[in-house]
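Right, one structure below, let's go through it.
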Amino acid sequence: MKAAIYGGPRSITAGERPDPSIQESTDAVVRVVFACVCGSDLWYLRGESSHDLGPIGHEFMGVVEEVGADVRNVTRGDLVVAPFTYSDGTCANCRAGVTSQCVRGGGFGNHGIDGGQGEAVRVPLADGTLVRVPGSGHSDETMRSLMALSDVMCTGNHAAVSAGVKTGDVVAVVGDGAVGLCAVIAARRLGADRIIVLSRNPARQRLARAFGATDIVDTRGDEASDAVKELTGGIGVDASLECVGTGQSVATAMAIVRPGSMVGVVGAPHGVDIPVVETVVYRNIGIRGGVAPARAYIPELMEDVLAGGINPGLVFDYETDLGGIAEAYAAMDEQRAIKSLIRVSSI
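Here the sequence shown is numbered in my numbering, starting from 25 and rising by one per residue.
Encoded structure:
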């Protein structure tokens, strides 16, 4: 089959890999309809994070082609969304809702597991991982939004949930990538009254406003912190959603939240050193977040997508096929695209 191949820094190509097959009785094989490039994939492209040579990509949705003998929740022909990590759904961590920390789980596209950026994927622990999409004949717009549930919408939601966003809150979103923009949707969905987005990109600012942002701050660092404080009468926001993962973005997210509130940190961390004593102890600020338990969030978010209540698929502003995978990465790396969609096959 054709699939994206990571050959080292600055090397993403479309190559040939063995067709996946059932290896365990709990496996399924999914024919990929849509895949996409994640902002975290760019760290591998740039050589700033390690990645095994071979398959890459952790976001996909598609049609079940084959199931193992012990799979009960999905069957051949089902349209499914795959969260970016697989999980059994039965361990203590899964039962507590933290499916991204499943004791038997792992991630797609590394460590010997098929990548989502390919024509097909072997899905371990299929019953605890895959989420069936009800109905049929979904529009292309709906399909794009369902694809966003594989990672970015759930990760943005995790930022908002971790920060404890509630009705009437004033919320700040640090980061205007796909996760940050989806965090705007999540904050609005949870009842935030005012949403301040830190963004210097006009196109992303427009999409943030379409998703529910009420204010835009187009500076960084201390200037951004001062601007948010001014917008909130010197108090700071009720919840801060960090969706980038750099030292500066985390520092900003902590600086703009008022004492007694939470920072939801979901950006893949690079060079982050959180000053626990100065922040958590002396300013009474809480920090939560981490790897989003996407499998736990997908069912409720899918209901909203299918009902037309949210449309996170708008973050996909570049589209290609597997043959154009290198350009899909380049478009995001050069900030010509918010998020690249890979159309692999039809339903």
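All C-beta atoms, glycine included, are put in the ideal place defined by N, C-alpha and C.
- Message: What does the Cβ neighbour count give for Gly-291, buried or exposed, with the cut at 16 atoms within 10 Å?
- Response: buried
- Task: Tell whether a beta-carbon distance below 8 Å holds between Val-56 and Tyr-353.
- Result: no
- Select from Arg-168, Gly-284, Leu-222, Asn-134 the residue whose C-alpha is nearest the C-alpha of Ser-364. Arg-168
- Task: Jot down the residue ranges of each uninterrupted alpha helix (DSSP H) in the region 66-109, minimum 4 residues, whole runs only, in chain order.
- Result: none
- Task: Assign Gly-16 to buried or exposed, taking buried as 16 or more other Cβ atoms, counted over all protein chains shown, within 10 Å of its Cβ.
- Result: This structure leaves residue 16 out entirely; the chain is present only between 25 and 371.
- Query: Mind checking Ser-73: buried by the 16 CB within 10 Å criterion, or exposed?
  - Reply: exposed
- Task: Specify the secondary structure class of Ser-370 as computed by DSSP and reduced to three states.
- Result: coil
- Item | Contained beta strand (DSSP E) runs [length at least 3] in the region 120-167, N- to C-terminal order | 144-147
- Express the C-alpha separation of Thr-238 and Ser-124 in angstroms, rounding to a whole number. 32 Å
- Item | Among Val-176, Arg-96, Asp-112, Val-329, nearest to Ala-318 - alpha-carbon criterion | Val-176
- Item | Short Cβ contact (8 Å threshold) for Asp-341 with Ala-361 | yes
- Query: For the candidate residues His-135, Gly-130, Ala-116, whose alpha-carbon lies nearest to that of Asp-416?
  - Reply: The first residue shown for the chain is 25 and the last is 371, placing residue 416 beyond what the model contains.
- Apart from the five residues just before and just after Asp-355, which ones in its own chain have a Cβ nearer than 7 Å to its Cβ? The identity of residue 355 in the sequence shown is Ala, whereas the question assumes Asp. So the list reads Tyr-342, Ala-361, Ser-364, once near-sequence residues are dropped.
- Three-state secondary structure assigned by DSSP to Gly-192: coil
- Have a look at Val-147 and Val-157 and give me their C-alpha separation to the nearest angstrom. 16 Å
- Query: Distance, Cα to Cα, Asp-112 vs Leu-69?
  - Reply: 30 Å
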